[in-house]
Structures are given as C-alpha cells and as structure tokens.
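Colleague:
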Amino acid sequence: MKAAALFSILLLFSSCIDDPSVTSIPGQFQQEYQLLWNLFDRNYVGFALSGVDWNALFNTYMEMAEQVDIREKMTEMELLLLENLCDRNIKLISPGGNLLNAYQPDVFVNCDSSVLMSYLIPEGFQWIQQDIWGYCIAGDDSVPYFVVKSWSSELNLSLLDNILQPLSEKEAMILDIRLAEGHSTGTAHNLARRFAGEQTVGHMTQRRVNTSTWELTAPAPVYLIPRGWFFQGEVILLAGQRNSGISEVFACDMSSLPSVTLVGDTTAGSGNLQSLVRQLPDGWYVTCPTVTLLTSDTVIVENTGVLPDVAVNATAEDFQNGSDPVLEKAFSLLEAQM
Numbered sequence: 001m002k003a004a005a006l007f008s009i010l011l012l013f014s015s016c017i018d019d020p021s022v023t024s025i026p027g028q029f030q031q032e033y034q035l036l037w038n039l040f041d042r043n044y045v046g047f048a049l050s051g052v053d054w055n056a057l058f059n060t061y062m063e064m065a066e067q068v069d070i071r072e073k074m075t076e077m078e079l080l081l082l083e084n085l086c087d088r089n090i091k092l093i094s095p096g097g098n099l100l101n102a103y104q105p106d107v108f109v110n111c112d113s114s115v116l117m118s119y120l121i122p123e124g125f126q127w128i129q130q131d132i133w134g135y136c137i138a139g140d141d142s143v144p145y146f147v148v149k150s151w152s153s154e155l156n157l158s159l160l161d162n163i164l165q166p167l168s169e170k171e172a173m174i175l176d177i178r179l180a181e182g183h184s185t186g187t188a189h190n191l192a193r194r195f196a197g198e199q200t201v202g203h204m205t206q207r208r209v210n211t212s213t214w215e216l217t218a219p220a221p222v223y224l225i226p227r228g229w230f231f232q233g234e235v236i237l238l239a240g241q242r243n244s245g246i247s248e249v250f251a252c253d254m255s256s257l258p259s260v261t262l263v264g265d266t267t268a269g270s271g272n273l274q275s276l277v278r279q280l281p282d283g284w285y286v287t288c289p290t291v292t293l294l295t296s297d298t299v300i301v302e303n304t305g306v307l308p309d310v311a312v313n314a315t316a317e318d319f320q321n322g323s324d325p326v327l328e329k330a331f332s333l334l335e336a337q338m
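Under the numbering used here, think of the first position of the sequence shown as 1, with each following residue one higher.
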C-alpha cells in the first residue's frame, strides 16, 4: 500500500497523544518525550517478550531530549528510542505521510516479480485487479495459480469468487503471497474463509491485561467460519520473509487448515499488529501495536514467524538466472508439469 493511502487510513483511527501542558516537565521536547514514553508504557503489547528494560531507558533518553532544540533532532531521538523494541510495526509518520520505520531489518525476498511473470504470463496470467491480485491456469496439468500482491480493502472478493468458485472442485491450486503487503485484516481473513470446510480456529490474539501491567491476556481465538462453498482441493501456499503483519494473519489462518501446505521460507515474524495511532506535535504521528498474533496452536508469531511445511532454499543467484525454486517446488509437490 502506498504511504499516502496508508496515512489516510491511519488518520481515521488516530487521536492526540495528549496536550504537553498536562505534564510538569519543563521544555517542549522533554514533555513530548514523556508523553511518548508513557504511551508505550501503558499500551504497547510487546514488552513481555522484548526483554527491553523500558524503565531503564527513560532517564537515558530524557537526557537526550534535554539537548534537543529542533524537530528534526527530536524525530531522530524518538526513532532511536523506539528502535530498542525491535518491532517493524512501530512507525513515525511525517506531516506529509511518509513512513519512518523505527526498526527495519534486512530480509531476503524469495520471489522476483519479473521472474515470476516470466513463468506465468506465457500461461495466460492476468491481473484481475492491477497489482492487487491475478491468476492463470498453469502448466500441462491446468493448475490454478493465484497471486495476491496486496491486502488492500479494495481487493474485490466477489470478483475473486466469480473465478475461484467454478474451480472449487479442482484437485489442487497454488496461492502465491510472497510479494503481498497491505493492511486490511478483514480482506486476508475473509479470503482464508474460502478454503475452510468447517469452523476452525484460524489464529489467536493477545492484548495487555491493563495499562498498569505488561502481562498479556489469555489467547483469544479468531475463527474461520465456513461459507456456502469452499475450495475443496489441496492448496500450496507460497510465502516468505517479506510476508509480515497481515500476511502473517493469512498464513496463520491457512496453516490451520488440513488441506494447506505452506511452502517457501519462514515469514517475517512481525506479529505485533498495529492498532493504535497517536498524534504527536507538529503534525507527526506514531503507531503503537496493541495486539499480538499467535498461530492456532498458540505459537507467538512475533520474532518467530510462521514456519513453512516445506522449506525451499532460494538465492539471489537463482533469480538472477531466471529461476524460481519456490514456484518449481510447488509444481513438483503436486506432481504437475509447468
């Protein structure tokens, strides 16, 4: 999702962090720092697992805040503070809508868009919604191959149903989410329902018990509720390190189904979901994750990821040579020809 579009969505759920005048600390930037620190101290879901001594950091960064005299330096200091939490879903958002990640580790993306299309376009692949999702019927064995590139709220599930339902009795299909990004949990969860034949726990979530403790609630189940029809065959789900957040919700949901085999690489391990947005001074915003994701069998996704059933080693050299080992493994598992 483009930064400007995401920024617009976040604004719908945002509120002011607080008026600096409610603190007794002198100085604009010291007050802002105190309020930011308090926001996370009272709401952030990840402390119980992070190993960070948040209280010990307070004085260190307050001393830094005392030296700040301009907005640019304050932004740098806030990013340094929040980087300690090693959470990819913590972001600062500029007045212009640019996203600044407090923590952004390098990941290997086990898919190359150009290489992927070199396999699929000769098979008739077309984007049904450009850069959101598309499909083709691939190979000599006519395997349905769907690509989801964006968990956008604009993903038209009714349009997808028009294509998927006539294929629902196929023996197998491949669903490729390796390049998927986006922020619509409802889109991802409702797509997973197209593969559920009976009610089952898709994933679980935890929150903080209250603002005065970092202890988390008991895992709460989120169910996949069947629809009138579902895809009845085997599903090969392709995923990897680029898949974070909402993609991991989908990977959890799909992995809970006996018909699904996850192939590729472990997902990002970015399971502290963003659900609280607060406005800072001067038109800036900050995101504070308040929900953490677990698999249906209560494995915490943050820092762990969703593990593949079949791991595939793919390298940059493979893609430079025009090869996609993950795609090829998917067809091999189905004993199908590409």
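Using N, Cα and C, we set each Cβ at its ideal position, and we do this for glycine too. Predicted model only: the values in this text are computed from it and were never measured.
Which of helix, strand or coil does DSSP assign to Pro289?
Modeller: Position 289 of the sequence shown holds residue 289. Pro289 falls in the strand class under three-state DSSP.
Colleague: Excluding the five sequence neighbours on either side, which residues of its own chain have a C-beta within less than 7 angstroms of the C-beta of Glu198, listed in chain order?
Modeller: Translated into the one-based positions of the sequence shown, residue 198 becomes position 198. Pro226.
Colleague: Quick check on this structure: which residue in Ile177, Ala239, Ile246, Gly27 has the alpha carbon closest to the alpha carbon of Thr205?
Modeller: In the sequence shown, residue 205 corresponds to position 205, counting from 1. Taking Thr205 as reference, the option from Ile177, Ala239, Ile246, Gly27 with the minimal CA-CA separation is Ile246.
Colleague: Helix, strand or coil: which one does DSSP assign to Ala311?
Modeller: Taking the first residue of the sequence shown as 1, we reach residue 311 at position 311. Strand at Ala311.
Colleague: For His189 and Asp161, what's the separation of their Cα atoms in angstroms?
Modeller: On the sequence shown, residue 189 is found 189 positions in, with the first residue counted as 1. On the sequence shown, residue 161 is found 161 positions in, with the first residue counted as 1. Roughly 15 angstroms separates the two Cα atoms.
Colleague: Check for me: the alpha helix (DSSP H) holding Ile163 runs from which residue to which?
Modeller: What you label residue 163 is simply residue 163 of the sequence shown in a count that begins at 1. 157–164 is the extent of the alpha helix (DSSP H) around Ile163.
Colleague: With distances taken from CA atoms, which of Gln232, Trp151, Val301, Gln31 is nearest Pro258?
Modeller: Here residue 258 corresponds to residue number 258 of the sequence shown, with the count starting at 1. The shortest C-alpha separation from Pro258 is found at Gln232.
Colleague: Per DSSP, which one or two residues make a beta bridge with Met204?
Modeller: The count along the sequence shown starts at 1 and reaches residue 204 at position 204. In DSSP, Met204 forms a bridge with Pro221, Leu294.
Colleague: Answer with buried or exposed for Gly322, where buried requires no fewer than 16 other C-beta atoms within 10 angstroms of its C-beta.
Modeller: Mapped onto the sequence shown, residue 322 falls at position 322. If you draw a 10 Å sphere on the C-beta of Gly322, you find fewer than 16 other C-beta atoms in it, and that means exposed.
Colleague: Can you give me the C-alpha to C-alpha distance between Gln129 and Arg194, rounded to a whole angstrom?
Modeller: In the sequence shown, the residue the question calls residue 129 occupies position 129. In the sequence shown, the residue the question calls residue 194 occupies position 194. Between the alpha carbons of Gln129 and Arg194 lies a gap of roughly 18 angstroms.
Colleague: To test your reading of the DSSP string, which unbroken beta strand (DSSP E) runs of 3 or more residues are found completely within the region 121–158?
Modeller: 126–129, 133–138, 143–148
Colleague: Could you check which residue in Lys170, Ser270, Trp214, Asp282 has the C-alpha nearest to that of Arg71?
Modeller: For this step, residue 71 is matched to residue 71 along the sequence shown. With distances taken between Cα atoms, Arg71 lies closest to Asp282.
Colleague: Could you tell me whether the region 144–158 touches the region 170–189, using the rule of 3 or more Cβ pairs below 8 angstroms?
Modeller: yes
Colleague: According to the Cβ coordinates, are Val107 and Pro289 closer than 7 angstroms?
Modeller: The sequence position of residue 107 within the sequence shown is 107, counting from 1. The sequence position of residue 289 within the sequence shown is 289, counting from 1. Taking 7 angstroms as the Cβ cut-off, Val107 and Pro289 do not qualify as a contacting pair.
Colleague: Give me the Cα-Cα distance between Leu179 and Gly124, rounded to the nearest whole angstrom.
Modeller: Taking the sequence shown and counting its residues from 1, one reaches residue 179 at position 179. Taking the sequence shown and counting its residues from 1, one reaches residue 124 at position 124. Distance between the alpha carbons of Leu179 and Gly124 is about 20 angstroms.
Colleague: Closest by CA to Leu276, which one among Val68, Val52, Lys91, Ser50?
Modeller: Along the sequence shown, read from residue 1 onward, the residue named residue 276 stands at position 276. Checked all of Val68, Val52, Lys91, Ser50; the closest Cα to Leu276 is Lys91.
Colleague: To the nearest angstrom, how far is it from the Cα of Tyr119 to the Cα of Met338?
Modeller: The count along the sequence shown starts at 1 and reaches residue 119 at position 119. The count along the sequence shown starts at 1 and reaches residue 338 at position 338. Roughly 8 angstroms separates the two Cα atoms.
Colleague: Could you say if the region 304–319 and the region 260–272 meet the contact criterion of at least three C-beta pairs nearer than 8 angstroms?
Modeller: yes
Colleague: Alpha helix (DSSP H) containing Trp37: first to last residue?
Modeller: Taking the sequence shown and counting its residues from 1, the one referred to as residue 37 is at position 37. That run of the alpha helix (DSSP H) goes 28–43.
Colleague: Kindly indicate which residue of Lys73, Trp54, Phe40, Glu328 has the alpha-carbon position closest to the one of Gln28.
Modeller: Taking the first residue of the sequence shown as position 1, residue 28 is located at position 28. Selected option, being the one with the closest Cα: Lys73.
Colleague: Val52: beta carbon under 6 angstroms from a heavy atom of the ligand GDP?
Modeller: Ligands displayed in this structure: none; no statement on the ligand GDP is therefore possible.
Colleague: Out of curiosity, what's the CA-to-CA distance linking Ser244 and Leu294?
Modeller: Start at 1 with the first residue of the sequence shown, and residue 244 comes out as number 244. Start at 1 with the first residue of the sequence shown, and residue 294 comes out as number 294. Distance between the alpha carbons of Ser244 and Leu294 is about 13 angstroms.
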